[in-house]
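In the numbering used here, the protein residues as written are -8 to 82. What follows is a short report on a single structure.
Here it is, written out as structure tokens:
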């Protein structure tokens, strides 16, 4: 982790990606990538995937989006797409 500012706690990777979401967002910001995760209550009530991750800027060519029925599914897809785009997310 480059430019770590001493705030990276140990993450229990067995407990799921949900525990690392804020760390991932912070790391992306430090790389110059704007990112967010949101939940859409209307889509949740309709039984559609309600979680969305969106990112763009910095070394990320163009924007990207990942959706999922749970935060874990959404972030799992997002991490896969980020790594495909060449961002070695350290979580």
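For each residue, glycine too, the CB sits at the ideal point set by N, CA and C.
- In the structure shown, residue 78 adopts coil according to DSSP, grouped into three states.
- DSSP, reduced to helix, strand and coil, places residue 34 within a helical segment of the structure shown.
- With a 10 Å radius around the Cβ and a threshold of 16 neighbouring Cβ atoms, residue 71 comes out exposed.
- Comparing C-alpha distances from residue 38 to each of 69, 59, 68, 10 shows the shortest one belongs to 59.
- Sequence-distant Cβ neighbours of residue 68 in its own chain, meaning closer than 7 Å and more than five residues away, are 57, 59.
- Contact check for residue 11 against residue 19 fails: the beta carbons are separated by 8 Å or more.
- Contact annotation: residue 80 and residue 15 have beta-carbon atoms nearer than 8 Å.
- Across the structure, residue 77 and residue 50 are spaced so that their CA atoms are roughly 8 Å apart.
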